[in-house]
Amino acid sequence: MTEITICSGTLCYIMGGADIFEIETKLSEMYNDKIRIKASTCLGFCEGENKQNPPCVMVGNELIPDATIEKIINHLKRLYTR
Amino acid sequence: MSFINNATLIRRDILSKLIKLQLNGNIGETDRIPLLIRPKNGNASRCCIHKDRAVLKYKIMGLLGFDTSDETDELTPLHKYFMEMLENHRTVNKILSVVDEACSSCDSGNFVVTNMCRGCVGRPCMLNCNKNAIDFYKGQAIIDKEKCVSCGLCQKACPYHAIIYTPVPCEEACPVKAINKNNNGKEHIDESNCIYCGKCTEACPFGAIVERSDVFLVVQGIQKQKKTVALVAPALAGQFKTNFGNIIDAIKILGFDAVIEVAEGAEITTQNEAAEWQHKTANGQPFMTTSCCPSFVNLVDKHITDLKPFVSGTKSPMFYSAQLAKQEFPGAVMVFFSPCLAKKHEAQQGGLIDYVVSFEELGAWMLAKGIETGNSNLPPARNLAGCDSRLYALAGGVTNAVKNYLPNNSGLKPFNINGLGKEEVRSLKALTHKTPDFNFLEVMSCENGCIGGCNTIARPNIARRQIENEMQKHDIKKAV
Chain A
1 MTEITICSGT LCYIMGGADI FEIETKLSEM YNDKIRIKAS TCLGFCEGEN
51 KQNPPCVMVG NELIPDATIE KIINHLKRLY TR
Chain B
1 MSFINNATLI RRDILSKLIK LQLNGNIGET DRIPLLIRPK NGNASRCCIH
51 KDRAVLKYKI MGLLGFDTSD ETDELTPLHK YFMEMLENHR TVNKILSVVD
101 EACSSCDSGN FVVTNMCRGC VGRPCMLNCN KNAIDFYKGQ AIIDKEKCVS
151 CGLCQKACPY HAIIYTPVPC EEACPVKAIN KNNNGKEHID ESNCIYCGKC
201 TEACPFGAIV ERSDVFLVVQ GIQKQKKTVA LVAPALAGQF KTNFGNIIDA
251 IKILGFDAVI EVAEGAEITT QNEAAEWQHK TANGQPFMTT SCCPSFVNLV
301 DKHITDLKPF VSGTKSPMFY SAQLAKQEFP GAVMVFFSPC LAKKHEAQQG
351 GLIDYVVSFE ELGAWMLAKG IETGNSNLPP ARNLAGCDSR LYALAGGVTN
401 AVKNYLPNNS GLKPFNINGL GKEEVRSLKA LTHKTPDFNF LEVMSCENGC
451 IGGCNTIARP NIARRQIENE MQKHDIKKAV
């Protein structure tokens, strides 16, 4: 089971994060029992030295900055075809 | 709402940067915003960062309520406009302006032959064109724009899909032909035809159509300790990934003295709408339409006046909420939190609401002030509104509320128009010439209803689910 955590801190959420929740409707059925999508309060990647571009999404333990639905799906494909 | 695009994200970025400067008393820094968004040696969207920066400057002017015609001296710095707006409490009636610098003057060639054309022997494009508009030059088809009537037959006939349709997105999206090119080839909005549906603002991929923002005047009022009341549209409940109660909490942290759910006013709309429908149909009127979508009301007022007698005279939930709020908080500044710009126009006409702040502006404001929506399990503000009133946010919501309010449905035969396009406008125009097989017509200018408004943040289907879940979670009473 892989958890997709979409940062819903104010910055990530209004700068594209809100649109990433649409991923549910775009994932292939093969992921149905492999994936859980959840929202999170600010993950904290918008501050500090290693500041990342919003929106930030975690796929498992891996961070996807400047995330798009396409980037997440490509990442999942790599994870599950290994 | 439309697909996410960079023009939308840039607008949100500008808004939050402007509000942040205002909150920190750094308005003098406004001129830096174009440089921050398009830094030296960074990437440009247009020909170069300098053009991008110029466009950003004019977009900021548009947000502040100034358009190109207000610019008498090109060297006037941005912060002067910002200060003038705040100091003189400058409000203009104009809601939308086209930023000439940003408008790409999209070619309205309509049908174009691309280089996928193989100059085949069959030449079905040429043979099927009734206007003799297609010729062949160096082995490829070309369309004579003078003769072409944009029927699209050549496109259908071409086996190579070599002929494409090139739209002008804003003109295509406008259901009432209110946006057209001026003599300079730039788009221009004809306010006398505009119904403030906001579809052009969503459609333009250059973000050239800018909506005036009043959020700065609200921020200023709160800074000056004016008593300010927020009236929040039911659609707000689905806009952030948290409970409605937490969203309301965030608004209070922005400095509002009270937050009132407009769903409370929707209770009155439902009662009046139901009573009016019963009265009118009993007196032989074949059907009645809803009136809470201001864009639809504008459509009827400006383009389908024959339909006017059929539109309900009942006021919108915003109106009744504002009336209630005026009694409860006399003298307070009334701010409506809105999913769309049509409400801004309605508020300007109505006089009860002082300012309209869009959901997008709320998000930018929260960002500027560093407010995060919590994840505690707060119930909605006062919980005075029933389930049906909260569903006004969704297409079909008004119908549902009226239907549930009427005893045993009372013979209500509803029909819904979910989203106004050119096609829907045509069928509405035809409506007055025949007796339809429904007697209650709900019209929502935006697909999905208010959660699909042009200034929303969340996707409509996500927002819908969230609103429905919210009601289950807090066990909100079913009916009034």
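Protein sequence lines correspond, in order, to chains A and B.
In case it helps, the working numbering puts the first sequence at residues 1 to 82.
In case it helps, the working numbering puts the second sequence at residues 1 to 480.
Beta carbons: idealized from backbone N, C-alpha and C, even for Gly.
Bear in mind the structure is a predicted one, so any value in this text is a computation, not a measurement.
Checklist entry - Whole-angstrom Cβ separation of Lys252 (chain B) and Leu23 (chain B), contact assumed at under 8 angstroms? => result Contact flag wrong, Cβ pair sits at about 16 angstroms.
Item to check | Under 8 angstroms (Cβ pairs) to chain B, residues found in the segment 32–52 of chain A | outcome: Ala39, Thr41 and Cys42
Next on the checklist: Give me, in chain order, the residues of the same chain whose beta-carbon lies closer than 8 angstroms to that of Ile27 (chain B); leave out the 5 immediate sequence neighbours on both sides.
Outcome noted: Leu21, His79, Phe82, Met83 and Leu86
Item to check | Local conformation of Asn110 (chain B) per DSSP, three classes | outcome: strand
Checklist entry - Which chain B residues sit within Cβ distance under 8 angstroms of Glu22 (chain A)? => result Arg459, Asn461 and Ile462
Checklist entry - Does Ser8 (chain A) get closer than 7 angstroms to chain B when you measure Cβ to Cβ? => result yes
Item to check | Backbone secondary structure at Pro460 (chain B) - three-state DSSP | outcome: helix
Checklist entry - Taking Cβ positions only, does Arg465 (chain B) come closer than 7 angstroms to chain A? => result no
Item to check | Cross-chain neighbours of Leu11 (chain A) in chain B, by beta carbon under 8 angstroms | outcome: Leu367
Next on the checklist: Quick check on His345 (chain B): buried or exposed, where buried means 16 or more other Cβ atoms within 10 Å of its Cβ?
Outcome noted: buried
Checklist entry - What are the start and end residues of each continuous beta strand (DSSP E) run of 3 or more residues lying completely inside the segment 119–149 of chain B, in chain order? => result 134–137 and 140–143
Next on the checklist: So for His188 (chain B), helix, strand or coil by DSSP?
Outcome noted: strand
Next on the checklist: Cβ closer than 7 angstroms: which chain B residues qualify as neighbours of Gly16 (chain A)?
Outcome noted: Ile4 and Leu9
Checklist entry - What are the partner residues of Val398 (chain B), as DSSP defines its beta bridges? => result Paired residues: none, contrary to the question.
Checklist entry - If you follow the alpha helix (DSSP H) that Met85 (chain B) is part of, which residue opens it and which one closes it? => result Leu78 to Glu87
Checklist entry - Which stretch, first to last residue, makes up the alpha helix (DSSP H) that contains Asn74 (chain A)? => result Ile69 to Thr81
Checklist entry - With burial defined as no fewer than 16 other Cβ atoms inside 10 Å of the residue's Cβ, what is the status of Met1 (chain A): buried or exposed? => result exposed
Next on the checklist: By DSSP's criteria, Ala39 (chain A) is part of a beta bridge. Which residues make up the other side?
Outcome noted: A:Ile6
Item to check | Exposure label - Thr305 (chain B); buried when at least 16 CB within 10 Å | outcome: exposed
Next on the checklist: Excluding the 5 residues flanking Arg53 (chain B) on each side, which residues of the same chain have their C-beta closer than 6 angstroms to its C-beta?
Outcome noted: Pro34 and Arg38
Item to check | Where Ile353 (chain B) sits in the DSSP three-state scheme | outcome: coil
Next on the checklist: Does chain A have any CB closer than 7 angstroms to the CB of Glu211 (chain B)?
Outcome noted: no
Item to check | Bridge partners - Phe336 (chain B), DSSP secondary structure assignment | outcome: B:Leu231 and B:Val356
Next on the checklist: Strictly under 7 angstroms for the Cβ-Cβ distance: is Lys241 (chain B) near chain A by that measure?
Outcome noted: yes
Item to check | Straight-line Cα distance separating Arg32 (chain B) from Asn61 (chain A) | outcome: 37 angstroms
Checklist entry - Nearest to Arg390 (chain B) by CA position, among B:Gly313, B:Ala266 and B:Glu146, is which residue? => result B:Ala266
Next on the checklist: Helix, strand or coil for Gly419 (chain B)? Go by DSSP, reduced to three states.
Outcome noted: coil
Item to check | Residue span of the alpha helix (DSSP H) that contains Asn246 (chain B), given as start and end | outcome: Phe244 to Ile253
Checklist entry - On the three-pair Cβ rule with 8 angstroms, is the segment 202–212 of chain B touching the segment 88–98 of chain B? => result yes
Checklist entry - By a C-beta neighbour count over all protein chains shown, 10 Å radius and 16 as the cutoff for buried, is Arg426 (chain B) buried or exposed? => result exposed
Next on the checklist: Just to confirm the assignment: which complete alpha helix (DSSP H) runs, minimum length 4, are found wholly within the segment 293–328 of chain B?
Outcome noted: 294–303 and 317–328
Next on the checklist: Using CA atoms only, rank isn't needed, just tell me which of B:Ala401, B:Glu447, B:Phe310 and B:Ser16 is closest to Lys434 (chain B).
Outcome noted: B:Phe310
Item to check | For Asn160 (chain B), the first and last residue of its enclosing alpha helix (DSSP H) | outcome: Checking the sequence shown, residue 160 (chain B) turns out to be Tyr, not Asn. First-last for Tyr160 (chain B): undefined, no H or E at that position.
Checklist entry - For Asn262 (chain B), does the three-state DSSP call read helix, strand or coil? => result The displayed chain sequence assigns Val, not Asn, to residue 262 (chain B). Looking at Val262 (chain B) - three-state DSSP - the assignment turns out to be coil, as it is neither helix nor strand.
Next on the checklist: Taking the straight line between their C-alpha atoms, what separation do you get for Cys154 (chain B) and Gln323 (chain B)?
Outcome noted: 58 angstroms
Next on the checklist: Please report the straight-line C-alpha distance between Met116 (chain B) and Ile35 (chain A), rounded to a whole angstrom.
Outcome noted: 42 angstroms
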